[in-house]
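Residue numbers (this note's numbering), protein chains in the order written: chain A, 2 to 371; chain B, 2 to 371.
Please read the structure below before turning to the comments.
2 protein chains.
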Amino acid sequence: MASSILSDCSSSATSRLLPLRRALLAPPSRFRPTTAPPRRPLLAAAAAAPLPRARAMASVSSARASSTDSATVSADACSKIIDGKLVAKQIREEIAVEIAKMKDAIGVVPGLAVILVGSRKDSQTYVRNKKKACEAVGIKSYEVNLPEDSSEDEVLKHIATFNSDPSVHGILVQLPLPHHMNDENILNAVSIDKDVDGFHPLNIGRLAMQGRDPFFVPCTPKGCMELLRRYGVEIKGKRAVVIGRSNIVGMPAALLLQKANATVSIVHSNTKKPEEITRQADIVIAAVGVANLVRGSWIKPGAAIIDVGINPVDDPESPRGYRLVGDVCYEEASKIAGLITPVPGGVGPMTIAMLLSNTLESAKRIHKFK
Amino acid sequence: MASSILSDCSSSATSRLLPLRRALLAPPSRFRPTTAPPRRPLLAAAAAAPLPRARAMASVSSARASSTDSATVSADACSKIIDGKLVAKQIREEIAVEIAKMKDAIGVVPGLAVILVGSRKDSQTYVRNKKKACEAVGIKSYEVNLPEDSSEDEVLKHIATFNSDPSVHGILVQLPLPHHMNDENILNAVSIDKDVDGFHPLNIGRLAMQGRDPFFVPCTPKGCMELLRRYGVEIKGKRAVVIGRSNIVGMPAALLLQKANATVSIVHSNTKKPEEITRQADIVIAAVGVANLVRGSWIKPGAAIIDVGINPVDDPESPRGYRLVGDVCYEEASKIAGLITPVPGGVGPMTIAMLLSNTLESAKRIHKFK
Chain A
2 MASSILSDCS SSATSRLLPL RRALLAPPSR FRPTTAPPRR PLLAAAAAAP LPRARAMASV
62 SSARASSTDS ATVSADACSK IIDGKLVAKQ IREEIAVEIA KMKDAIGVVP GLAVILVGSR
122 KDSQTYVRNK KKACEAVGIK SYEVNLPEDS SEDEVLKHIA TFNSDPSVHG ILVQLPLPHH
182 MNDENILNAV SIDKDVDGFH PLNIGRLAMQ GRDPFFVPCT PKGCMELLRR YGVEIKGKRA
242 VVIGRSNIVG MPAALLLQKA NATVSIVHSN TKKPEEITRQ ADIVIAAVGV ANLVRGSWIK
302 PGAAIIDVGI NPVDDPESPR GYRLVGDVCY EEASKIAGLI TPVPGGVGPM TIAMLLSNTL
362 ESAKRIHKFK
Chain B
2 MASSILSDCS SSATSRLLPL RRALLAPPSR FRPTTAPPRR PLLAAAAAAP LPRARAMASV
62 SSARASSTDS ATVSADACSK IIDGKLVAKQ IREEIAVEIA KMKDAIGVVP GLAVILVGSR
122 KDSQTYVRNK KKACEAVGIK SYEVNLPEDS SEDEVLKHIA TFNSDPSVHG ILVQLPLPHH
182 MNDENILNAV SIDKDVDGFH PLNIGRLAMQ GRDPFFVPCT PKGCMELLRR YGVEIKGKRA
242 VVIGRSNIVG MPAALLLQKA NATVSIVHSN TKKPEEITRQ ADIVIAAVGV ANLVRGSWIK
302 PGAAIIDVGI NPVDDPESPR GYRLVGDVCY EEASKIAGLI TPVPGGVGPM TIAMLLSNTL
362 ESAKRIHKFK
């Protein structure tokens with residue numbers, strides 16, 4: 002996998018990859034999954050009216066016409082774009098409707114608690130965005146901000162309080178935690194029925210097992226599956242390749258595809274000739290955190306490509322000095338794939354939408370509201 | 002996958018497949034996994050002196066000379082046989098040594114409790130064999146036999162008693178349970194630190210996740226990995242195909258191979274062209290319960306083949322009227338594979354050996370004995 006990752010496949014000769022090493026060392030820490038039972042529709046409304054492919058395509062085209070911030074979307078690939086922004090917006094609207102119904106019917110408003118330790122700018126931004134997204138759909142958000150030097154016990158104390166608070170239906174501990182804390186201890190302390198991130202091993206075990214359903218499905222993989230479903234991609238019997246095997250994206254994505262009866266292969270840093278395996282896939286989920294790793298030559302014509310990577314590459318032409326690219330070389334892949342997510346605007350917007358979905362699912366389950 | 006399963010690949014023109022339909026409908030109920038941490042050596046002794054390939058081969062040849070019950074072992078394949086009986090015997094001897102050491106050092110004898118509900122002949126045989134195997138290595142066995150019409154509560158009561166009994170380090174509920182019982186409720190009641198079968202979803206979740214280790218690894222997949230390890234098969238970076246995705250064999254086997262850094266694909270009943278995918282594999286674990294499904298043409302020359310299937314096929318020439326064959330057509334595969342397990346005498350003997358190993362591991366962990 003090594004040789005191809007050092008070349009930028011974009012047409013911008015001036016751009017070069019920025020934090021490749023960082024991306025390789027700690028790939029998916031920026032992805033924050035959540036959950037809900039697989040094989041069940043995300044929401045009743047969505048199940049009743051899944052986007053048929055033609056309708057999806059029409060929406061995508063019109064969305065593209067008004068989209069000015071998806072800079073990487075090239076003209077010749079417009080019919081293939083999976084518009085994550087559009088789908089996420091649609092899901093948020095569906096969630097808002099469901100929440101309003103639940104409030105009317107039983108007077109319950111879903112609540113999401115977020116615990117943030119330290120003052121990392123990126124974490125603060127994520128937490129702020131989650132809070133805004135909650136407010137927009139009618140989820141009440143609860144926030145605890147603790148200083149960087151807090152003790153593990155302080156965090157655990159807040160988790161315990163939220164675990165027993167009946168107005169809180171989801172608890173999320175923003176990662177990464179400071180180095181002096183044990184992530185495993187802290188994540189395991191979140192009550193299994195409020196673990197909207199779906200990171201608890203009990204959840205993952207239930208996801209892996211036939212005949213069991215997890216309480217929550219990690220958000221980013223759930224978002225990938227939802228994009229495939231809403232764009233009418235058949236999964237059963239198809240070859241699927243997941244690139245990357247992180248606990249929060251690659252591994253659960255593979256388990257979800259497997260549960261949906263795809264024939265799944267997992268490609269990772271020890272895989273030899275990953276391009277040969279990837280080329281066999283009807284569905285590719287790339288979640289490795291390496292800019293432009295997946296070239297056009299890796300892709301089977303007509304395949305559906307879900308690109309989870311969000312990698313900043315140096316770009317002097319951009320006002321910020323960098324731009325974001327995926328794990329897939331969009332420019333090449335979009336000429337070969339049948340469907341492809343752009344970066345940004347593909348999987349990214351789905352993660353928070355799925356977090357909202359999981360929080361709603363949790364409130365419905367706790368209050369037995371259907 | 003359908004066409005090839007109806008032909009018997011053996012040279013016996015008179016034999017025909019017996020309970021194919023039953024095997025297809027309920028494939029791996031006869032496999033009873035157990036567990037211990039992956040990537041850690043099974044036992045200190047085994048880790049210190051793994052069988053080098055040449056030595057293993059020598060052992061295999063001599064074992065074959067004395068083996069009269071491995072009827073399917075053909076003469077031209079003798080250098081390729083993985084001798085599960087021999088390895089299992091060796092492991093049981095290692096376990097006996099470790100148990101004697103522990104008893105001498107801290108006065109503790111590992112204890113395994115088995116709960117059997119009903120009077121199925123096959124279950125009674127399994128339980129009897131387990132008891133014998135325990136006695137032979139020095140594990141104390143506890144047995145509860147309940148009538149077929151017992152209530153779920155009665156089973157749960159016995160589980161609770163064993164959970165709190167400090168002389169019991171492993172608890173095993175013999176499957177299948179009567180239809181009026183909920184397997185999930187009962188298996189989940191076994192304390193996670195005595196779940197020597199490794200079936201608890203928390204165990205499976207920890208097996209799936211990077212950076213986590215399960216308390217116990219299900220026995221049959223653990224046995225498969227141990228055979229590969231003791232025969233010097235390199236796993237890291239290799240292509241592996243697991244055929245079948247049951248909760249107790251296929252799925253955990255795939256997770257173990259993945260944890261050992263193979264590139265894993267899972268083939269199942271919805272897979273199209275399973276032979277093409279299997280032919281790419283350096284390592285194949287077949288655990289689907291379909292007699293002779295995997296033909297010679299499915300196999301990459303030199304591959305290591307672990308055959309978990311134990312399928313009875315009608316054979317008038319046998320005194321019992323049937324004989325046992327695997328999921329792999331041994332006669333064809335043994336001419337192409339580099340290494341192959343026979344049926345019987347391959348994976349079968351490993352399962353109970355791994356159950357003993359898991360019980361010992363449990364006692365060592367509970368009593369902090371290294």
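Note that the Cβ used here is the ideal one computed from N, Cα and C, for glycine as well.
Using the three-state DSSP reduction, which class does residue i fall into: helix, strand or coil?
i                      : result
residue 386 of chain B : Look at the range of chain B in this structure, 2 to 371, and you will see that residue 386 of chain B is not part of it.
residue 264 of chain A : strand
residue 84 of chain B  : coil
residue 308 of chain A : strand
residue 156 of chain B : helix
residue 98 of chain A  : helix
residue 234 of chain B : coil
residue 128 of chain B : helix
residue 216 of chain B : coil
residue 211 of chain B : coil
residue 290 of chain A : coil
residue 271 of chain A : coil
residue 106 of chain A : helix
residue 184 of chain A : helix
residue 26 of chain B  : Any reading at residue 26 of chain B must be qualified, since the residue scores a pLDDT of 32, below 50, and its modelled position is unreliable; no value is offered.
residue 349 of chain A : helix
residue 89 of chain B  : helix
residue 10 of chain B  : coil
According to DSSP, what are the bridge partners of residue i?
i                      : result
residue 344 of chain B : In the DSSP output, where bridge partners are listed per residue, residue 344 of chain B has none listed.
residue 241 of chain A : A:265 and A:284
residue 112 of chain B : B:141
residue 171 of chain A : A:113
residue 191 of chain B : Residue 191 of chain B pairs with nothing; no bridge assigned.
residue 329 of chain B : B:295
residue 118 of chain B : B:147
For a contact defined as C-beta to C-beta under 7 Å, what are the partners of residue i on chain B?
i                      : result
residue 175 of chain A : Residues of chain B passing the Cβ test: none, with the nearest at roughly 19 Å.
residue 91 of chain A  : What residue 91 of chain A touches in chain B: nothing, since even the nearest Cβ is about 29 Å away.
residue 202 of chain A : 203, 206, 207, 210 and 213
residue 351 of chain A : What residue 351 of chain A touches in chain B: nothing, since even the nearest Cβ is about 22 Å away.
Classify residue i: buried if its beta carbon has 16 or more other beta carbons within 10 angstroms, exposed otherwise.
i                      : result
residue 180 of chain B : exposed
residue 107 of chain A : exposed
residue 126 of chain B : exposed
residue 204 of chain A : buried
residue 259 of chain A : buried
residue 150 of chain B : exposed
residue 357 of chain B : buried
residue 304 of chain A : buried
residue 274 of chain B : exposed
residue 215 of chain B : buried
residue 237 of chain A : exposed
So which residues on chain B does residue i lean against when the C-beta distance must stay under 9 Å?
i                      : result
residue 187 of chain A : The premise fails here: residue 187 of chain A is roughly 14 Å from chain B at the closest Cβ pair, so nothing lies under 9 Å.
residue 273 of chain A : 238, 239, 240 and 264
residue 172 of chain A : Those do not exist, as residue 172 of chain A stays about 18 Å from chain B at its closest Cβ, beyond 9 Å.
residue 286 of chain A : Residues of chain B passing the Cβ test: none, with the nearest at roughly 15 Å.
Taking residue i as the query, report the chain A residues whose CB atoms sit under 7 Å from its CB, ordered along the chain.
i                      : result
residue 124 of chain B : Here the premise fails: no neighbours, minimum Cβ distance about 21 Å.
residue 205 of chain B : 206, 209 and 210
residue 226 of chain B : Ordered by position in chain A, no residue passes the 7 Å Cβ test against residue 226 of chain B, which lies about 16 Å from the chain.
So residue i contacts chain A; which residues on that side make the cut at Cβ distance below 9 Å?
i                      : result
residue 248 of chain B : 209, 210, 211, 212 and 213
residue 295 of chain B : In chain order: nothing, as chain A lies at least about 16 Å away.
residue 326 of chain B : The contacting residues do not exist; residue 326 of chain B stays about 25 Å from chain A at best.
Mind listing the chain B neighbours of residue i? Cutoff is C-beta to C-beta under 8 Å, in chain order.
i                      : result
residue 244 of chain A : In chain order: nothing, as chain B lies at least about 11 Å away.
residue 148 of chain A : Those within 8 Å of residue 148 of chain A in chain B number zero; the least Cβ separation is about 27 Å.
Does the beta-carbon of residue i, which I'm using as the reference point, lie nearer than 7 Å to any heavy atom of the ligand GTP?
i                      : result
residue 231 of chain B : As presented, the structure is devoid of all ligands, the ligand GTP included, so that no description of it is given.
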